[in-house]
Amino acid sequence: VVGAGAVGCETALTLSRIGTIDAETLQFLTVHKVESPEVLYELSTRGSKQITLVEQQAKIGVDIGRSTKWVISMDLPRFGVEVLTGVRVIEIADEGVVVEKDGEKKVVPADTVILAVGSRSNNELQEQIKDLVPEIYLIGDGLKPRKAMDAVHEGYHLGNEI
C-alpha cells in the first residue's frame, strides 16, 4: 500500500486481516483447548498476505486523530504490516515497487499495489453550470478534500442559510 494516511493505514490493516481465523473458530479452538494461547494469538493476527505500507513522510497517519492513530500504530505491527517511512516511490515495476531512501534504491516485492496517495477536488461540474443557474454552492470535498464531518457541518449551515 503506497501512502500511509488514514486511507492507506486502514487499507493495510484490512488487508492484513485476510486469512486470520474468525471469532467463531477462535472460540471453538479456545474452549476445546486445541492450541496454545500463543498459537491462537498468531492465528488471530497473521493473515495470508504479507502487507507493506510505504510512506514518503517520516511519520504515518498525519491526517488521523490522536487516539485513532495510537490504535492504528499498535495494530500495524501486531498484524504483521511492514511499515517503511521516509521512502520515495520511484516506479511500480513487474517485480514490485521500486523505492528510494537516502539515495539507495530497493525493490519491495509485490503482486498487488494499492495507491492511497491522497485526493484532490474536482470542480468541473461547477464550472460547467455556474452561468446556467442563479446560485451555486461548493462545499465538502468539492471545496477541498477533508473529513466527512467537515462536509456535514458545511451542508448543515448552508441548508440553514438557503
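Number 164 marks the last residue of the sequence shown (my numbering); no jumps.
Heads up, the beta-carbon is just placed ideally off N, CA and C, and yes, glycines get one too.
By the C-beta density criterion, alanine 14 is buried, having at least 16 other C-beta atoms within 10 angstroms.
Note: lysine 103 is bridge-paired with Glu106 in the DSSP secondary-structure output.
Cβ-Cβ separation between threonine 87 and glutamine 52: approximately 18 angstroms, too far for a contact (criterion under 8 angstroms).
Here DSSP, grouped into helix, strand and coil, assigns glycine 157 to helix. With fewer than three CB-CB distances shorter than 8 angstroms, the region 60-71 does not count as touching the region 33-49. Given a length threshold of 4 residues, each whole run of the alpha helix (DSSP H) inside the region 19-49 is given here in chain order: 25-33, 39-47. Between the region 76-83 and the region 17-31, the count of Cβ pairs shorter than 8 angstroms is three or higher; the stretches touch.
Excluding residues up to 5 positions away in sequence, Gln128 lie with their Cβ nearer than 6 angstroms to the Cβ of leucine 140 in the same chain. A distance below 7 angstroms between beta-carbons, with the five flanking residues on each side excluded, links alanine 118 to the following residues of its chain, in chain order: Val3, Val4, Gly5, Gly7, Val9, Gly10, Thr13. Contact between glutamate 97 and valine 83 is absent: CB atoms are separated by about 21 angstroms, not below the 8 angstroms threshold. Here valine 85 is bridged, per DSSP, to Leu55. In the structure shown, leucine 134 adopts coil according to DSSP, grouped into three states.
Closest in C-alpha terms to glycine 105, from the list Asp113, Ala112, Val91, Ser123, comes Val91. For glutamate 57, same chain residues with a beta-carbon under 6 angstroms away, outside a window of 5 residues either side, are Ala6, Thr87 in chain order.
Taking the C-beta atoms as reference points, glycine 142 is found no nearer than 8 angstroms to glutamate 163. By the Cβ-count criterion, valine 101 is buried, with 16 or more other Cβ atoms from all chains shown falling within 10 Å of its own Cβ.
DSSP places glycine 98 in the strand class (E or B) of the three-state scheme.
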